[in-house]
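Undergrad:
Numbering (this note's numbering), first residue to last: 523 to 773.
1) Quick check: what's the CA-CA separation for residue 769 versus residue 763?
2) List the whole-angstrom C-beta distance separating residue 647 from residue 618, where the pair is believed to meet the contact cut-off of C-beta under 8 Å.
3) Leaving aside the five residues before and after residue 578 along the sequence, list all residues of the same chain whose C-beta is less than 8 Å from its C-beta, in chain order.
4) Could you please give me the residues that DSSP links to residue 656 through a beta bridge?
5) Pull up the distance between the alpha-carbon of residue 750 and that of residue 744, whole angstroms please.
6) Starting from the C-beta of residue 570, find all residues in its chain whose C-beta is less than 8 Å away, skip the five residues before and the five after it, and write them out in chain order.
7) Can you tell me where the alpha helix (DSSP H) holding residue 535 begins and where it ends?
8) According to the Cβ coordinates, are residue 757 and residue 691 closer than 8 Å?
9) Looking at residue 562: is its Cβ nearer than 8 Å to the Cβ of residue 538?
10) Does residue 626 get closer than 8 Å to chain B when you measure Cβ to Cβ?
11) Buried or exposed for residue 602, going by 16 or more other Cβ atoms inside 10 Å?
12) I'd like to know if the region 663-681 and the region 704-721 are in contact, where contact means that at least 3 CB-CB pairs between them fall below 8 Å.
13) Can you tell me the Cα-Cα spacing of residue 727 and residue 739, whole angstroms?
14) Any idea what DSSP makes of residue 697, helix, strand or coil?
15) Does the separation of the CB atoms of residue 703 and residue 695 fall below 8 Å?
16) In terms of DSSP beta bridges, what is residue 650 paired with?
17) Straight-line CA distance for residue 755 to residue 655?
Okay, structure coming up:
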């Protein structure tokens, strides 16, 4: 780079701190070092960046124009440093995360923002899966991280930790469904209706049920069945409430 990184940093800090002496303290340099660095930058650019006639140096019109460019250069330098770290063996170049629909959108948004801030150059893929499908994707190394409902044991090759998150579940039916007209419903009454149940691609069979069962591998398909009045299903409460028109649902 034609311009010294130290001089560019000194210039930006002098503007931010309001004086050369304050910039020197922040950068742990002598005031003369900061002053010399900025003078050399002015000489390289051929313009005066500061008006030194006042008690505290103020930016000249040319200095104001230069400032935005210098900030962009330093920001690009920081991104290059981050890329260099990500290209080393310390950071994965790509990460696939498979999660359940039960994860609330607000929690997912926070996770994605944190990941972006910490690993800005890592390629990221997000998949939706449930239960055994998540385990299978991890075992086949199709995904590196998975989020599922807590269970008592996991395959030995998969590490696990429990997150401090809980998902409230409730049975929902469409507003026009006969059950929606009842103020209170018992379990025995529910068993007389078809059960819409979440399944997985790998599950060989569903748990025993007292009535007829229809299943689907994700909540969106179950929701489509429920909308058509094909009886009810367990849904994550916060997930369903986040969808448009949720107030029309009965649970």
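Glycine included, every Cβ here is placed at the ideal spot set by N, Cα and C.
TA: In short, the structure shows the following:
1) Any reading at residue 769 is ruled out, since the residue's pLDDT is 40, under 50, leaving its predicted position unreliable.
2) 4 Å
3) 540 and 541
4) Residue 656 pairs with nothing; no bridge assigned.
5) 10 Å
6) 564, 582, 584 and 585
7) 527-539
8) yes
9) no
10) Checking the listed chains, one finds no chain B in this structure; it contains a single protein chain.
11) exposed
12) no
13) Bear in mind that a pLDDT of 49 at residue 727, under 50, signals an unreliable position, so the number given afterwards is only what the model happens to contain. Roughly 13 Å separates the two Cα atoms.
14) coil
15) no
16) 621
17) 20 Å
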